[in-house]
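Please read the structure below before turning to the comments.
2 protein chains.
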Amino acid sequence: MNLHHIAIAVRNLDEALAFYQDALGLELAERRAVPEEGVEIAFLPAGEAELELLQPLSAEGGVAGFLEKRGEGLHHICLKVPDIDAAMEQLKAGGARLLSDAPKTDAHGTRYVFVHPRSAHGVLLELYEVRE
Amino acid sequence: MNLHHIAIAVRNLDEALAFYQDALGLELAERRAVPEEGVEIAFLPAGEAELELLQPLSAEGGVAGFLEKRGEGLHHICLKVPDIDAAMEQLKAGGARLLSDAPKTDAHGTRYVFVHPRSAHGVLLELYEVRE
Chain L
10 MNLHHIAIAV RNLDEALAFY QDALGLELAE RRAVPEEGVE IAFLPAGEAE
60 LELLQPLSAE GGVAGFLEKR GEGLHHICLK VPDIDAAMEQ LKAGGARLLS
110 DAPKTDAHGT RYVFVHPRSA HGVLLELYEV RE
Chain Z
10 MNLHHIAIAV RNLDEALAFY QDALGLELAE RRAVPEEGVE IAFLPAGEAE
60 LELLQPLSAE GGVAGFLEKR GEGLHHICLK VPDIDAAMEQ LKAGGARLLS
110 DAPKTDAHGT RYVFVHPRSA HGVLLELYEV RE
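Respectively, the protein sequence lines represent chains L and Z.
Positions 10 to 141 (the working numbering) are the ones given, in order, by the first sequence.
Positions 10 to 141 (the working numbering) are the ones given, in order, by the second sequence.
Dropping the structure here:
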């Protein structure tokens, strides 16, 4: 169960990249808008995992709400799992609360689910199915 | 510049391990008290990087203050750098604020420094020198 990415909520992607790319020296692999999720994302690989900077495209949605409430900072982490159905069953059996009853599917056809921060000790935890 | 670890502040290590180890299925590699930092830590590898659960040993110190103010959750992330002096120079040149003027050295003789969250867009960012 390897780490896939760490997401960081920021108000302005250009300003955040001035730090993470220019001053810190991480490489910018890709930057694109994901309108269906209401965010623009910059991907910065850091070894096997990557940092994802998230800027909301409007004042609506989860990331905008997070910024309003908590300010910029660490938003969620994502772990790769080989079988998301099995992982969800195991979590439910352990009493964990998931944000959806069934996995969702992203634009690449990858299945994912979020664990409620209340179950994961304050961490918004995403599970991403990568069959290897 | 690879990710080394993600630290998660928790109130009770046993309860957090009931989720991260038992329900989620991560492996517990090590658990030990670090009295000089005022915390007990559990290390859970997640691929190349690892999750570190931090429980304060008393009501004093940074992690206890974090829990008091923000509750449980993502506390900091740590990146490996090959040359911490060069990384610090580059960050200072870029206007970033560091939490100490010189690197500190941990019990294993490894040099590290923290970047102020104000410079890293809300993220408490640790740099850890690993010469490879």
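Cβ coordinates follow ideal geometry from the N, Cα and C atoms, glycine included.
- prompt: residue 100(L) and residue 123(L): beta carbons closer than 8 Å?
  reply: Position 91 of the first sequence holds residue 100(L). Position 114 of the first sequence holds residue 123(L). At a Cβ-Cβ threshold of 8 Å, residue 100(L) and residue 123(L) do not count as neighbours.
message: Strictly below 9 Å CB to CB, what residues from chain L border residue 57(Z)?
response: Locating residue 57(Z) in the second sequence gives position 48, where the first residue counts as 1. Residues of chain L passing the Cβ test: 11, 12, 56, 57, 58.
query: So residue 47(Z) packs on residue 70(Z), CB below 8 Å; how close in whole Å?
result: Position 38 of the second sequence, counted from the start, is the residue given in the question as residue 47(Z). Position 61 of the second sequence, counted from the start, is the residue given in the question as residue 70(Z). Approximately 4 Å separates the beta-carbon atoms of residue 47(Z) and residue 70(Z); this is inside 8 Å, confirming the contact.
- prompt: With a cut-off of 8 Å, does the C-beta of residue 94(Z) fall near any C-beta of chain L?
  reply: Position 85 of the second sequence holds residue 94(Z). No, no contact with chain L.
- prompt: In terms of alpha-carbon separation, which member of 104(Z), 139(Z), 134(Z), 28(Z) lies closest to residue 119(Z)?
  reply: In the second sequence, counting from the first residue as 1, residue 119(Z) sits at position 110. Here the closest residue by C-alpha is 139(Z).
query: Is the number of C-beta pairs between the stretch 87 to 96 of chain Z and the stretch 80 to 96 of chain L that are closer than 8 Å three or more?
result: Contact fails: fewer than three Cβ-Cβ distances are below 8 Å.
- request: Work out the CA separation of residue 83(Z) and residue 72(L) for me, nearest whole Å.
  value: Along the first sequence, read from residue 1 onward, the residue named residue 72(L) stands at position 63. Along the second sequence, read from residue 1 onward, the residue named residue 83(Z) stands at position 74. Taking the straight line joining both Cα atoms gives about 16 Å.
query: Taking the continuous alpha helix (DSSP H) assigned at residue 120(L), which residues delimit it?
result: As a first step, residue 120(L) is located in the first sequence; it is residue number 111 there, counting from the start. Per DSSP, residue 120(L) lies in no alpha helix (DSSP H) segment; the continuous beta strand (DSSP E) that holds it begins and ends at 120 to 124.
- request: Decide if residue 131(Z) is buried, meaning its Cβ has at least 16 other Cβ atoms within 10 Å, or exposed.
  value: Taking the second sequence and counting its residues from 1, the one referred to as residue 131(Z) is at position 122. Buried, because 16 or more other Cβ atoms sit within 10 Å of the Cβ of residue 131(Z).
field: Reference residue 42(Z); option with closest CA among 36(Z), 35(Z), 50(Z)
entry: In the second sequence, counting from the first residue as 1, residue 42(Z) sits at position 33. When only C-alpha atoms are compared, the closest one is 50(Z).
- prompt: Got a sec? Which residues, its chain only, sit under 7 Å from residue 37(Z) by beta carbon, not counting five neighbours each side?
  reply: Here the question's residue 37(Z) lines up with position 28 in the second sequence. Excluding residues within five positions, the ones whose Cβ falls inside 7 Å are 26, 30, 51, 53.
field: Short CB-CB distance (under 8 Å) between residue 131(Z) and chain L
entry: Taking the second sequence and counting its residues from 1, one reaches residue 131(Z) at position 122. Output row for residue 131(Z): interface = yes.
message: Looking at chain L, is there any beta carbon in it that lies within less than 8 Å of the beta carbon of residue 47(Z)?
response: Sequence index remark: in the second sequence, residue 47(Z) carries index 38 (1-based). No, no contact with chain L.
Three-state secondary structure (DSSP) of residue 91(L): To locate residue 91(L), count along the first sequence from 1; it is residue 82. Residue 91(L): coil per DSSP, three-state reduction.
field: Simplified DSSP assignment, three categories, for residue 42(L)
entry: As a working mapping, residue 42(L) is identified with position 33 in the first sequence. Three-state DSSP puts residue 42(L) in a strand.
task: Let me know if residue 89(Z) comes out buried or exposed under the rule of 16 or more other beta-carbons within 10 Å of its beta-carbon.
output: Along the second sequence, one-based indexing puts residue 89(Z) at 80. Classification for residue 89(Z): buried.
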